[in-house]
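A.B. asks: Under this note's numbering, the first residue of the sequence shown carries the number 238, and numbering increases by one thereafter.
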Amino acid sequence: MRTAAVVLCMLAGGTILASLLIMHAGDAGIVSKNYPASFPGLFLFNAFSWAAYYIPCYLVCCGLFILRFSKRHIIALMLSLFPFLTMAALFQLLFTLPEAQPALVAGIRAIIGAVGGSIFLFIYSGIETAIIFFIFRQMGIPSVPEENEKFVQIIPDGNTKGTPVMELPIKNAAILPDPEEQYYKLKGLSNKGLYDRNTQGEQVVDLEDLETDTDADLPEEANVTESPVIKESVSQLHEARIPHRVPEGTVARMRKQSKKWSSYKIDPDSVLSEYKSDEYWKIDKATQRLAETLKTTLEEFKIKAEVTGIQKGPVITMFEILPAPGVKLSKIVNLADNIALRLAASRVRIVAPIPGKQAVGIEVPNAKRSIVSLREILSHPSFLESHAELPVALGKDITGVVQFADLTLMPHLLIAGATGSGKSVCVNSLICSILFRKSPSEARLILIDPKIVELKYYNDIPHLLTPVITDPKRAFQALQYCIAEMERRYSLLDALCVRDVRAYNRKIRKKSLTTEPIPYIVIIIDEFADLMATTGKELESTLARLAAMSRAVGIHLVLATQRPSIDVITGLIKANIPSRIAFMVAGKFDSRIILDSVGAEKLLGQGDMLFLPTWDPSPVRMQGTYISDDEVEKLVAQVKLYGEPEYIDDEMFIDEDDMSEFVLGDTDHMYDKALEI
Numbered sequence: 238m239r240t241a242a243v244v245l246c247m248l249a250g251g252t253i254l255a256s257l258l259i260m261h262a263g264d265a266g267i268v269s270k271n272y273p274a275s276f277p278g279l280f281l282f283n284a285f286s287w288a289a290y291y292i293p294c295y296l297v298c299c300g301l302f303i304l305r306f307s308k309r310h311i312i313a314l315m316l317s318l319f320p321f322l323t324m325a326a327l328f329q330l331l332f333t334l335p336e337a338q339p340a341l342v343a344g345i346r347a348i349i350g351a352v353g354g355s356i357f358l359f360i361y362s363g364i365e366t367a368i369i370f371f372i373f374r375q376m377g378i379p380s381v382p383e384e385n386e387k388f389v390q391i392i393p394d395g396n397t398k399g400t401p402v403m404e405l406p407i408k409n410a411a412i413l414p415d416p417e418e419q420y421y422k423l424k425g426l427s428n429k430g431l432y433d434r435n436t437q438g439e440q441v442v443d444l445e446d447l448e449t450d451t452d453a454d455l456p457e458e459a460n461v462t463e464s465p466v467i468k469e470s471v472s473q474l475h476e477a478r479i480p481h482r483v484p485e486g487t488v489a490r491m492r493k494q495s496k497k498w499s500s501y502k503i504d505p506d507s508v509l510s511e512y513k514s515d516e517y518w519k520i521d522k523a524t525q526r527l528a529e530t531l532k533t534t535l536e537e538f539k540i541k542a543e544v545t546g547i548q549k550g551p552v553i554t555m556f557e558i559l560p561a562p563g564v565k566l567s568k569i570v571n572l573a574d575n576i577a578l579r580l581a582a583s584r585v586r587i588v589a590p591i592p593g594k595q596a597v598g599i600e601v602p603n604a605k606r607s608i609v610s611l612r613e614i615l616s617h618p619s620f621l622e623s624h625a626e627l628p629v630a631l632g633k634d635i636t637g638v639v640q641f642a643d644l645t646l647m648p649h650l651l652i653a654g655a656t657g658s659g660k661s662v663c664v665n666s667l668i669c670s671i672l673f674r675k676s677p678s679e680a681r682l683i684l685i686d687p688k689i690v691e692l693k694y695y696n697d698i699p700h701l702l703t704p705v706i707t708d709p710k711r712a713f714q715a716l717q718y719c720i721a722e723m724e725r726r727y728s729l730l731d732a733l734c735v736r737d738v739r740a741y742n743r744k745i746r747k748k749s750l751t752t753e754p755i756p757y758i759v760i761i762i763d764e765f766a767d768l769m770a771t772t773g774k775e776l777e778s779t780l781a782r783l784a785a786m787s788r789a790v791g792i793h794l795v796l797a798t799q800r801p802s803i804d805v806i807t808g809l810i811k812a813n814i815p816s817r818i819a820f821m822v823a824g825k826f827d828s829r830i831i832l833d834s835v836g837a838e839k840l841l842g843q844g845d846m847l848f849l850p851t852w853d854p855s856p857v858r859m860q861g862t863y864i865s866d867d868e869v870e871k872l873v874a875q876v877k878l879y880g881e882p883e884y885i886d887d888e889m890f891i892d893e894d895d896m897s898e899f900v901l902g903d904t905d906h907m908y909d910k911a912l913e914i
């Protein structure tokens, strides 16, 4: 399709240029003036004078830019139409007879004269050109380089070029047996073997073939026959200085933790507050009067329609109208401001048509807002009976139906909205939903808070893999750790021949294997615009790789920002994060960046949001759940009673400045003595 468009642009530009040249050849007497091929050129020349030669150049440039698909050049080319029209008026003023000039050019000539008009139009076209050049230079539309497919290449010594130093876990360390924890009986050892460093290939014991005798209490002096391959592999594992090696007693400690987390349960009614319900769903007389006023307003603009239904939610009331045959929906959409004026509403959003219905929806704010509490969602039977792996409470839609989603199906989430729109409350509701339903053995969290004060409540809860991260460098190192953990988990899935974490955990429980189930990891970044400003392309490529590959291994991303701009929500990030939540934004441009459509600029704030899931092409409007800071503190205090967090190795966070003391060189005062020795 792109090649066909390029060919059409080139043919159109060449045809118009040839017609203009034939027209001038006819004026010079080279060819006949009545030659048919000169008619298009004559028409364009009479309309735009010598500026008509810009039209074939414009079409040729369109073809070239479509071939390259350069957004910056295409936008600049579109804006160049403004100086083109100004120059056309200038040429008409200079080279066309007064009686043949258009009305606008004749008016300029009558007011300031031919010379003054020419100077004015010339200066005006120069100003337009300068503005276009400035926009072209300042336009921050990044291009996606091919190197993004490589992402971050980990060097064997743990360093990445241009990034802080970080030690990564061994790829296959978790699948090697611990001789101090269990005795293994191997079937078919001669055919499968164990991982051997001296061999060129890597062979891993299939965990399905491992039989564990958990009832037998073997003494230390028991005569257990071990293969020389096992002894050699275990000795090499203990002798190698590999960071993040599975420490001694890990399996026993993990089993002890699993028994402790089996009693993990938090009752929402004991922690969260209850808000009084005002029966918002009832259709009162005031709502019926609004329906009559709406019908009258449409009739004033000669639009025949009937109100076929009223859906009243906690914040929004939707009036479903059925237009008469022959009525264009665009006429109704263009009356949004008039309808808001007649209904005395702050703003009105029109959905034309309602997906799945033969009607147009007109959403009007309620006179009184109702609070959708997190307790109401978590205590609802549909939420309690759901089998979602990572259920998160969202809120209620405009019909009052409880809405929640499974984070594993999204599989990643982008949240954006202006200050005061409810973005931070939504992030807190998402975290608290996980804390209520999942124990630390089922879900772990990595919280990144560049603003320092937003997620401070969750420090020291047992679900955390690290303390709440506020430093951009440590945040980038934590994301690199997640990439290494993702690769390690893929090796575990490959060993059991399964496709995702759910199947892996199910197979472990079914076959009673000694390997522990893998918990989900949720990475929540409250304001990743600050991280993008600090690390830039490195963070973008890291997030893109995690979003593209981590779904199957149970690692999920939640990104939140209050600055929805192109340099923050880039095309690479949007392509890998399909599920999005948009709160109130400043304008249509910000709404298009988040949702690829308008609508978020019409929201009311304070939790009013549009949810665009992966499985639905159209956004769903709903009122988000509310949880106060006091409720968050009560929940965190309740969660901390179950134990202390077990953080990952803090040696992962190594600052480059701290490594300078280990470097020998001319600046070391012991360097000369070391050379003498």
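From the three backbone atoms N, C-alpha and C, an ideal C-beta is built for every residue, glycine too.
Predicted, not measured: the structure shown is a model, and the values here were computed from it.
Kindly indicate the opening and closing residues of the beta strand (DSSP E) around residue 709.
C.D. replies: Unbroken run through residue 709 is the alpha helix (DSSP H), 709 to 733; no beta strand (DSSP E).
A.B. asks: Please report the residue range of the beta strand (DSSP E) in which residue 979 lies.
C.D. replies: For the chain, the structure presents residues 238 to 914; residue 979 sits outside this window and is missing.
A.B. asks: Going by DSSP, which residues form a beta bridge with residue 845?
C.D. replies: 860
A.B. asks: Does the pairing of the stretch 718 to 734 with the stretch 780 to 799 give three or more beta-carbon distances under 8 Å?
C.D. replies: The stretch 718 to 734 is in contact with the stretch 780 to 799.
A.B. asks: How should residue 649 be labelled, buried or exposed, when 16 other C-beta atoms within 10 angstroms of its C-beta is the threshold for buried?
C.D. replies: buried
A.B. asks: Using DSSP with H/G/I as helix, E/B as strand and the rest coil, what is residue 601?
C.D. replies: strand
A.B. asks: Rounded to whole angstroms, what is the Cα-Cα separation between residue 412 and residue 884?
C.D. replies: Note that residue 412 has pLDDT 39, beneath the 50 cutoff, so the model's placement of it is unreliable and the number below is only indicative. Looking at the two C-alpha atoms, the distance is approximately 21 Å.
A.B. asks: Does the structure place the stretch 612 to 621 close enough to the stretch 527 to 536 that three or more beta carbon pairs sit under 8 Å?
C.D. replies: no
A.B. asks: Tell me whether residue 247 sits in a helix, a strand or coil according to DSSP, three-state version.
C.D. replies: The answer is helix: DSSP assigns residue 247 an H, G or I state.
A.B. asks: Have a look at 324, 249, 317, 279 and flag the residue whose alpha-carbon is nearest the alpha-carbon of residue 296.
C.D. replies: 249
A.B. asks: Going by the beta-carbon positions, is the gap between residue 627 and residue 645 smaller than 8 Å?
C.D. replies: Taking 8 Å as the Cβ cut-off, residue 627 and residue 645 qualify as a contacting pair.
A.B. asks: Name the two residues that bound the continuous beta strand (DSSP E) containing residue 647.
C.D. replies: Element bounds for residue 647: n/a, residue is neither H nor E.
A.B. asks: In whole angstroms, what separates the C-alpha of residue 765 from that of residue 794?
C.D. replies: 11 Å
A.B. asks: Can the beta-carbon of residue 565 be found closer than 8 Å to that of residue 518?
C.D. replies: The answer is no: Cβ separation not under 8 Å.
A.B. asks: Consult DSSP for residue 802 and reduce its assignment to one of helix, strand or coil.
C.D. replies: The DSSP-derived three-state label of residue 802 is coil.
A.B. asks: Helix, strand or coil for residue 252 per DSSP?
C.D. replies: helix
A.B. asks: Quick one: residues in its chain with C-beta nearer than 7 Å to the C-beta of residue 361, no 5 flanking neighbours on either side, listed in chain order?
C.D. replies: 323
A.B. asks: What residues match up with residue 555 in a beta bridge as DSSP calls it?
C.D. replies: 548, 600
A.B. asks: Comparing C-alpha positions only, which one of 593, 625, 662 sits nearest to residue 611?
C.D. replies: 662
A.B. asks: By a C-beta neighbour count over all protein chains shown, 10 Å radius and 16 as the cutoff for buried, is residue 833 buried or exposed?
C.D. replies: exposed
A.B. asks: Do you know how far the Cα of residue 605 is from the Cα of residue 582?
C.D. replies: Roughly 12 Å separates the two Cα atoms.
A.B. asks: Excluding the 5 residues flanking residue 877 on each side, which residues of the same chain have their C-beta closer than 8 Å to its C-beta?
C.D. replies: 697, 698, 699
A.B. asks: In the structure shown, what three-state DSSP assignment does residue 560 receive?
C.D. replies: strand
A.B. asks: Under a three-way DSSP split, which group does residue 607 fall into?
C.D. replies: Residue 607 carries a coil assignment under DSSP once its states are collapsed to helix, strand and coil.
A.B. asks: Under 8 Å by Cβ, that's how I've got residue 596 and residue 557 pegged, so tell me the actual separation to the nearest angstrom.
C.D. replies: Indeed they touch by this definition, with Cβ atoms about 4 Å apart.
A.B. asks: Report the three-state DSSP secondary structure of residue 875 (helix, strand or coil).
C.D. replies: In the three-state reduction of the DSSP assignment, residue 875 falls in the helix class.
A.B. asks: What would DSSP say about residue 329, mapped onto helix, strand or coil?
C.D. replies: helix
A.B. asks: From which residue to which residue does the alpha helix (DSSP H) around residue 788 run?
C.D. replies: No alpha helix (DSSP H) holds residue 788; DSSP gives it neither H nor E.
A.B. asks: Which residues bound the alpha helix (DSSP H) around residue 664?
C.D. replies: It spans 660 to 674 - the alpha helix (DSSP H) in which residue 664 sits, taken as one unbroken run.
A.B. asks: Buried or exposed for residue 821, going by 16 or more other Cβ atoms inside 10 Å?
C.D. replies: buried
A.B. asks: Please identify the residue among 373, 757, 838 whose C-alpha is closest to the C-alpha of residue 312.
C.D. replies: For the set 373, 757, 838, the Cα lying nearest the Cα of residue 312 is the one of 373.
A.B. asks: Can you find the residues in the same chain that come closer than 7 Å, C-beta to C-beta, to residue 801, ignoring five residues on each side of it along the sequence?
C.D. replies: 653, 822, 827, 830, 831
A.B. asks: Could you please give me the residues that DSSP links to residue 681 through a beta bridge?
C.D. replies: 758
A.B. asks: Does DSSP put residue 241 in a helix, in a strand, or in coil?
C.D. replies: helix
A.B. asks: In chain order, what residues of the same chain lie with their CB nearer than 8 Å to the CB of residue 689, ignoring the 5 residues before and after it?
C.D. replies: 707
A.B. asks: For the alpha helix (DSSP H) containing residue 574, name the first residue and the last one.
C.D. replies: 573 to 579
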